[in-house]
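What follows is a short report on a single structure.
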Amino acid sequence: MFEFPRFAVHDPRHANELVRSNPFALVVSGRDGVPAATHAPVLPEGHVEGSFAGTTLLGHMARVNPHWRQWEGDATNVLVVFSGPHGYVSPSMHGAAEPSVPTWNYGAVHLTGRLELILGEEEVLDVVERTVQAMETPRTPKWEPGAASRDVFRKIVGGVVAFRVHVRDEAKLFKVSQDAGDRTRGRIRDAFAGPEGNAGLARLMDEVDPRGES
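Per the working numbering, residue 1 is the first one in the sequence shown, and the count goes up by one each step.
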C-alpha cells in the first residue's frame, strides 16, 4: 500500500486500535502468479504497543476453503488487510464553492509476513477459543462458552485450519481530511457524525487529529 506522506500518522496506537477493532481481515497470497484472498478473523497474538513488525497474528478459516493449500510446504508470504471506517466526502458536506471535487476518507492497515500453518486439533481449538475470548471481552453481556458449547467446538474443529503470521512489515494510511482547513474539516466531521452519516468515521477523525501529528 502506498503511504501518502500528507496522510502519515506517527502514533502507533491508531494502527493498533484499527486492527483490534476491525479483526475481520482480508488474507491475500498467491501461487504461480494467481492471487487468492479470504476474509477471516485475524487477531494480534499478545499485546502490541509499537509497530506490528516483529509481532505475530493468529487467524483461522474453514478447511474446505482451498486457499490454505497454498500455504503447505514452503514458507508463504501473505498480506493481511485490515479496513477501518470509510466514507464518501461530498462537497455538499462542507459547502465548498465551485469548482470542487469529492473524495473518500478511510483508515487501513496492511501487514505482510510469513505464514505458518497450525493443523494440530488442540492448537487449532486454542486459536478458535482465543478468538472467541477476544471478541466477547468488550461485549455487554459477555458470553462464556459452557461445557456443552466446548463439546461442540471439539466436534467441529476438525473442519477448521488455523494459522500464525510472523509480521515483517507494516503499512498504514489514515486519510481523514488532514489536507482540509480546520473549518472545512470540522464540517466534514460533523456531517459524518449526523443521523445519516458515519459515526465510526467521525470518531476516527476525532482520534486522528492532524494538529496532534508531526
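We put the beta carbon where it would ideally sit given N, CA and C, even for glycine.
Between the alpha carbons of residue i and residue j, how many angstroms are there, rounded?
| i | j | result |
| --- | --- | --- |
| residue 152 | residue 36 | 30 Å |
| residue 188 | residue 98 | 17 Å |
| residue 23 | residue 91 | 32 Å |
| residue 135 | residue 57 | 15 Å |
| residue 14 | residue 208 | 7 Å |
| residue 139 | residue 45 | 20 Å |
| residue 96 | residue 77 | 45 Å |
| residue 148 | residue 141 | 19 Å |
| residue 51 | residue 20 | 13 Å |
| residue 130 | residue 205 | 31 Å |
| residue 182 | residue 168 | 36 Å |
| residue 66 | residue 73 | 15 Å |
| residue 16 | residue 200 | 16 Å |
| residue 154 | residue 146 | 13 Å |
| residue 166 | residue 79 | 11 Å |
| residue 203 | residue 43 | 22 Å |
| residue 125 | residue 210 | 43 Å |
| residue 71 | residue 31 | 9 Å |
| residue 89 | residue 47 | 34 Å |
Tell me whether residue i is buried or exposed, calling it buried when 16 or more other Cβ atoms sit within 10 Å of its Cβ.
| i | result |
| --- | --- |
| residue 137 | exposed |
| residue 104 | exposed |
| residue 39 | exposed |
| residue 55 | buried |
| residue 29 | buried |
| residue 185 | buried |
| residue 94 | buried |
| residue 143 | exposed |
| residue 1 | exposed |
| residue 53 | exposed |
| residue 218 | Absent from the structure is residue 218, since the part of the chain shown begins at 1 and ends at 214. |
| residue 75 | exposed |
Pull the bridge partners of residue i from the DSSP assignment, please.
| i | result |
| --- | --- |
| residue 146 | DSSP, once it has assigned bridges, lists no residue as partnering residue 146. |
| residue 44 | 57 |
| residue 217 | The chain is shown only over 1 to 214; residue 217 falls outside these bounds and no answer can be derived. |
| residue 37 | 28 |
| residue 171 | 110 |
| residue 14 | DSSP lists no partner for residue 14. |
| residue 84 | Paired residue(s): none; residue 84 is not in a bridge. |
| residue 78 | 113 |
| residue 89 | 103 |
Within this structure, are the beta carbons of residue i and residue j separated by less than 9 Å?
| i | j | result |
| --- | --- | --- |
| residue 157 | residue 121 | yes |
| residue 118 | residue 127 | yes |
| residue 116 | residue 69 | no |
| residue 33 | residue 174 | no |
| residue 81 | residue 27 | yes |
| residue 160 | residue 10 | no |
| residue 3 | residue 171 | yes |
| residue 7 | residue 190 | no |
| residue 162 | residue 123 | yes |
| residue 25 | residue 41 | yes |
Is there contact here, the segment 111 to 118 with the segment 179 to 199, by at least three beta-carbon pairs under 8 Å? Touching, no, given that fewer than three Cβ pairs across the two stretches are closer than 8 Å.
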